[in-house]
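Colleague:
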Amino acid sequence: MDEDGSNQRKLTGPEGNEFNPSWSPDGKKIVYISDKEGELYRGFFDEIMKKSNLWIMDSDGSNQMRLTEPEESVSDPSWSPDGKKIVYLSIKKSTMDLCIIDNEGENRKILISDSRPKGNPSFSPDGQKIMFEVSPTEIEDIEIAAYSVPYELWIINSDGTNEKPLKRKDEIEESESLFLTVNIGGGSWSPDGKKIIFRVSVPPEFSSFWIMDSDGSNQKRLTYLNEDASNASWSPDGRKIIFSSAPLEGDYGGNSDIWIMDSDGSNRRQLTTNKMDDFNPSWSPDGKKIA
Numbered sequence: 328m329d330e331d332g333s334n335q336r337k338l339t340g341p342e343g344n345e346f347n348p349s350w351s352p353d354g355k356k357i358v359y360i361s362d363k364e365g366e367l368y369r370g371f372f373d374e375i376m377k378k379s380n381l382w383i384m385d386s387d388g389s390n391q392m393r394l395t396e397p398e399e400s401v402s403d404p405s406w407s408p409d410g411k412k413i414v415y416l417s418i419k420k421s422t423m424d425l426c427i428i429d430n431e432g433e434n435r436k437i438l439i440s441d442s443r444p445k446g447n448p449s450f451s452p453d454g455q456k457i458m459f460e461v462s463p464t465e466i467e468d469i470e471i472a473a474y475s476v477p478y479e480l481w482i483i484n485s486d487g488t489n490e491k492p493l494k495r496k497d498e499i500e501e502s503e504s505l506f507l508t509v510n511i512g513g514g515s516w517s518p519d520g521k522k523i524i525f526r527v528s529v530p531p532e533f534s535s536f537w538i539m540d541s542d543g544s545n546q547k548r549l550t551y552l553n554e555d556a557s558n559a560s561w562s563p564d565g566r567k568i569i570f571s572s573a574p575l576e577g578d579y580g581g582n583s584d585i586w587i588m589d590s591d592g593s594n595r596r597q598l599t600t601n602k603m604d605d606f607n608p609s610w611s612p613d614g615k616k617i618a
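Going by this note's numbering, the sequence shown opens with residue 328, and the numbers climb by one from there.
1) Leaving out five residues before and five after residue 399 in sequence, what residues of the same chain have Cβ atoms less than 8 Å from its Cβ?
2) Does the beta-carbon of residue 606 have 16 or more other beta-carbons within 10 angstroms, so that it is buried, or is it exposed?
3) What residue range is occupied by the uninterrupted beta strand (DSSP E) comprising residue 523?
4) By the three-class DSSP mapping on this structure, what secondary structure does residue 378 have?
5) With distances taken between CB atoms, is the gap from residue 383 to residue 430 smaller than 8 Å?
6) Since residue 424 and residue 352 are thought to touch, with beta carbons under 8 Å apart, how far apart are those beta carbons, to the nearest angstrom?
7) Who are the Cβ neighbours of residue 611 in its own chain at under 8 Å, not counting the five residues just before and after it?
8) Check each candidate in 387, 589 and 452 and name the one with the smallest Cα separation from residue 358.
9) Which residues in the same chain as residue 339 place their Cβ atom closer than 6 Å to its Cβ, once the five residues preceding and following it in sequence are excluded?
10) Count the CB pairs spanning the segment 554 to 563 and the segment 482 to 495 that are closer than 8 Å, and state whether there are at least three.
11) For residue 542, is the classification buried or exposed, using 16 other Cβ atoms within 10 angstroms of its Cβ as the cut-off for buried?
12) May I have the straight-line CA-CA distance separating residue 575 from residue 484, to the nearest angstrom?
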């Protein structure tokens with residue numbers, strides 16, 4: 328549809344469930360996930376379900392093509408900056424593979440294959456590296472338990488070499504590591520690829536943002552310990568970060584508002600004071616407005 332909500336048009340048919348659409352960098356293609364040709368399997372509650380595959384189509388809905396095999400379930404697709412490749416996760420009962428494939432469905436390569444749950448892979452702005460979340464714990468049935476384990480932030484070269492951690496649970500400062508469950512994720516590359524902002528979450532609802540160099544060095548916490556910070560977004564020039572934050576009140580967070588700060592955590596300023604929660608701030612392409 329158009330930006331004003333007009334000219335709405337259906338791009339896919341009624342054959343299956345489609346979700347997670349993502350535009351190619353040049354705006355000519357859309358990659359998405361669909362179960363319309365997926366194999367049947369038994370789900371968590373023994374119900375019959377269909378596996379979800381990776382598909383691609385032109386931006387007008389034409390030339391729809393399945394990129395992955397019907398027997399694998401996929402998630403979390405993300406484009407390379409040049410639009411030639413897609414990184415995604417391939418989920419099987421005992422393994423979760425980090426994979427890369429050409430936008431024509433050719434040259435599929437498994438970068439990592441093991442039983443550690445993973446999530447949210449993303450290319451660096453130069454396309455040379457891939458950041459992703461991974462659990463330090465291998466589990467027997469990934470299709471059931473992948474969403475109930477703690478995660479860490481790792482990086483790997485886009486050719487599959489030099490896999491290494493960027494931020495591990497045992498590196499969290501003492502005030503945060505007192506909790507039994509620590510999730511580290513939500514990594515986001517700065518526009519120039521030199522910095523990464525990420526989120527450290529601990530129960531009950533406390534989360535803080537950290538920043539580090541793209542090699543994992545110079546790690547620094549940006550937000551407070553007594554708040555639930557989320558939805559961080561870099562300004563187009565990489566100088567500022569907007570995010571939502573709710574103060575920790577009792578066992579739960581209070582009202583969430585939008586905040587802005589410099590990329591080093593200084594000059595923090597509250598932008599909204601609404602009675603209702605404000606989430607998911609987003610920059611305009613020119614960096615002059617925030618939605």
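Think of the CB as a built atom: it goes at the ideal place given N, C-alpha and C, for glycine as much as any other residue.
Quantities reported herein were computed from a predicted structural model and do not represent experimental measurements.
Modeller: Put simply:
1) Position 72 of the sequence shown, counting from 1, holds the residue named residue 399. Here the set comprises 378, 380, 417, 418 and 419.
2) In the sequence shown, the residue the question calls residue 606 occupies position 279. Label assigned to residue 606: exposed.
3) Here residue 523 refers to the residue found at position 196 of the sequence shown. Segment 522 to 529, the beta strand (DSSP E) holding residue 523.
4) The residue labelled residue 378 in the question sits at position 51 within the sequence shown. The DSSP-derived three-state label of residue 378 is coil.
5) Position 56 of the sequence shown, counted from the first residue, corresponds to residue 383. Position 103 of the sequence shown, counted from the first residue, corresponds to residue 430. Pairing residue 383 with residue 430 gives a Cβ-Cβ distance under 8 Å.
6) Position 97 of the sequence shown, counted from the start, is the residue given in the question as residue 424. Position 25 of the sequence shown, counted from the start, is the residue given in the question as residue 352. Actually they do not touch by this definition, with Cβ atoms about 24 Å apart.
7) The residue labelled residue 611 in the question sits at position 284 within the sequence shown. Excluding positions up to five away in sequence, the list reads 617 and 618.
8) Numbered from 1 along the sequence shown, position 31 holds the residue referred to as residue 358. Looking at the Cα atoms, 387 is the closest of the given residues.
9) As a position in the sequence shown, residue 339 is number 12, starting the count at 1. Result list for residue 339: 345, in chain order.
10) Too few Cβ pairs lie closer than 8 Å, so no.
11) Taking the first residue of the sequence shown as position 1, residue 542 is located at position 215. Looking at its Cβ environment, which holds fewer than 16 other Cβ atoms inside 10 Å, residue 542 is exposed.
12) For the purposes of this step, residue 575 is identified with residue 248 of the sequence shown, where counting begins at 1. For the purposes of this step, residue 484 is identified with residue 157 of the sequence shown, where counting begins at 1. Pairing residue 575 with residue 484, the inter-Cα distance amounts to about 38 Å.
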